[in-house]
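Chains as they are written, first to last, in UniProt numbering: chain A, 1 to 345; chain B, 1 to 345.
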């Protein structure tokens, strides 16, 4: 980069949403970056190429008890990024290196890379850079953990996943298929369902928008899962989880990964928890960042599958940092189709 | 026994309850028993001394899908019994042997004891016969499985159990204490709570009848569990489970053993299943009869603790087979105090 001052555009959390968030909760700020010569020893400056938008961010916008600290007001929104080193005073990173990290909703990421784990170099020879924010990143490992460590499907079992065309759900179903299980998705709309079956290779996909009540959705699940449901990967919650539980087999496992239907504070009671007992189910919530021990194994499988073209994924790409808030609000409403990214270059 | 014909009084299921069961659902029948000389090869005739009444029996009175076959209409109610061999044409059993089995709601139990596992000889030198239906029987192993295999408390953790003065709950808390955990019970009434703390040695017990709403019960749990709840053994469900979940710690475990609050078909929704995710909880249902592999280990610990007086229990004893239906209806309403038995001799 030149020695001229460069502007870094950032999105900050301006206020906490009451219920459904809006673009008013965010604000764009421009900040001057240091020049290469001004970097402190150990620092690396990255130009972010892609910003990852993920449902978990909605939870962090709230104040109050949760598994993660709230996103601070007036600070850059947290988020995963993939980019290229443009200046470095750190022996481990060279200009041109492709890296991923928690760079936040901004165009440039200035970080002290002497802290272990804050920046990972990635190889883009066989895997596109953006995939490190999706199938070969946090969403992929999330899918892997819930499927492998909680659901652990046997060949011939049936695995259901909600938000099946999304960054996590699409990987869950493909990993289930790779293990010989029947994969059934739930997605919103005929296009997404067609993609889930025809492109991702799921055995069936139910358009939940065609099933506005529990009875109808349960009947659709019965048709798609003639042998019942042995494993369920939950990204949505609410009526979808109720309907799945009505079709759950004895000793079935539910990996609770997300409850996006309740992220704005709506009550989402579970109608019949007694089914957990009568079906001897295991229902387990998890946060993938608390299971760092499995990441190498998971990334090895996921990276291999993506590099060989066996694991497919799709991206919704918004353009420019200013578009991030609207893209995020759309993600919460299911308007994305596949992994939601913001392209910053 | 004499060669005279002996009458065997039995309680049959006459009709399936619609909602709350009543004495009208049962009928008493008298049947003639064979004489000792009339036994077939391999058969054993037992005089039942005690009949065990347990909440699971309510579920079996219903028709429809469950983990166990429904109790057939017009047949002797199923149930565990402890008694004494009064006639035998089986080399493994001798008149005078004390035995336990699924003898049913009747005074005598005629069984082909060549079938493996239908009849177990028990030693009453240090353990009273009735305890084999409680703390050293199915309820005890139920407590042991849920506590040891699902909750698995570490020293210093807090374990909560509902129906804490009952056959299962009383053992859960004492086993938790033996493992260095804090044990907090929920029970109905001051007498039961006093017993749970003063006799059984729990650290605290909450009289749920004093807390008719979620807010009040949750506040009582907060006071009794200042460090939150790490493990919960659920016998009741409904508002109790909701209140416990509001105080659940990260990585807490819920063993779902019974949902007696919903046994008559009332809806018992779980208010906030998203807590399973945000607290990374594990909620697991189980049926102890599906884990026969752990029975020897569990019974060894339970028998040792009862024989040495370290594991305390209490019994509610109804007298005579004709009293069984009313005693069972009382059990479902929590009128028992400790293990509910019917004494038949």
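Backbone N, C-alpha and C define an ideal beta-carbon position, used for all residues, glycine too.
With a minimum length of 3 residues, the unbroken runs of beta strand (DSSP E) contained wholly in the segment 139 to 188 of chain A fall at 158 to 162, 182 to 187.
Residue 94 of chain B is classed as exposed because its beta carbon has fewer than 16 other beta carbons within 10 Å across all chains shown.
Residues of chain A whose Cβ lies closer than 9 Å to the Cβ of residue 277 of chain B are, in chain order, 67, 234, 237, 256, 257, 258, 259, 285, 286, 287. Between residue 8 of chain B and residue 74 of chain B, the alpha-carbon positions lie close to 16 Å from each other. Beyond the five residues adjoining it in sequence on each side, residue 157 of chain B comes within less than 6 Å, by CB distance, of 181, 230 in the same chain, given in chain order.
Scanning the segment 217 to 303 of chain B for uninterrupted alpha helix (DSSP H) segments of 4 residues or longer gives 239 to 246, 274 to 278, listed from N- to C-terminal end. By alpha-carbon distance to residue 258 of chain B, the top candidate from B/58, B/322, B/18 is B/58. Put simply, the backbone Cα of residue 33 of chain A is about 12 Å away from that of residue 111 of chain A. In the displayed model, residue 47 of chain B falls within a strand according to three-state DSSP. Taking CB atoms only, residue 274 of chain B has a neighbour in chain A less than 8 Å away.
For residue 82 of chain A, the uninterrupted beta strand (DSSP E) segment begins and ends at 81 to 88. By the 16-neighbour rule on beta-carbons within 10 angstroms, residue 247 of chain B is buried.
Comparing alpha-carbon positions, the option among B/187, B/328, B/152, B/118 lying closest to residue 177 of chain B turns out to be B/152.
If you draw a straight line from the Cα of residue 140 of chain A to the Cα of residue 288 of chain A, it comes to about 10 Å. Contact annotation for residue 262 of chain B against chain A: 274 [CB-CB distance below 8 Å, chain order]. Taking 8 Å as the cut-off, the beta carbon of residue 192 of chain A is found no closer than this to the beta carbon of residue 286 of chain A. The continuous alpha helix (DSSP H) containing residue 329 of chain A extends over residues 324 to 332.
Taking CB atoms only, residue 61 of chain A has no neighbour in chain B less than 8 Å away. Less than 8 Å divides the Cβ of residue 129 of chain B from the Cβ of residue 98 of chain B. Residue burial annotation: residue 40 of chain B is exposed, with fewer than 16 other C-beta atoms found within 10 angstroms of its C-beta. With fewer than 16 other Cβ atoms inside 10 Å of its own Cβ, residue 251 of chain A counts as exposed. Within the segment 124 to 138 of chain A, no residue places its CB atom closer than 7 Å to a CB of chain B.
Just so you know, the alpha carbons of residue 12 of chain B and residue 171 of chain B end up roughly 31 Å apart.
Counting the other Cβ atoms within 10 Å of the Cβ of residue 319 of chain A gives fewer than 16, which makes it exposed. Look at residue 175 of chain B: its C-beta is not under 8 Å from any C-beta on chain A. Residue 341 of chain A is a Cβ neighbour of residue 52 of chain A, given a cutoff of 8 Å. Residue 317 of chain B has B/341 as its beta-bridge partners, per DSSP. Each of B/77, B/203, B/42, B/29 was checked against the Cα of residue 328 of chain B, and the nearest Cα belongs to B/77.
Following the DSSP letters along the chain, one finds residue 190 of chain A inside the alpha helix (DSSP H) bounded by residues 190 to 194.
Ranking B/127, B/206, B/19, B/46 by CA distance to the CA of residue 304 of chain B puts B/127 first.
Taking a C-beta cut-off of 7 Å against chain B, none of the residues of the segment 207 to 221 of chain A qualify. Here the C-alpha atom of residue 35 of chain B lies approximately 12 Å from the C-alpha atom of residue 108 of chain B. Residue 8 of chain A carries a strand assignment under DSSP once its states are collapsed to helix, strand and coil. Nearest neighbour of residue 201 of chain B by Cα position, chosen from B/100, B/268, B/209, B/174, turns out to be B/174. For residue 321 of chain A, the closest Cβ of chain B is not nearer than 8 Å. Pairwise C-beta distances place the segment 275 to 282 of chain A out of contact with the segment 307 to 314 of chain A, as fewer than three of them are shorter than 8 Å.
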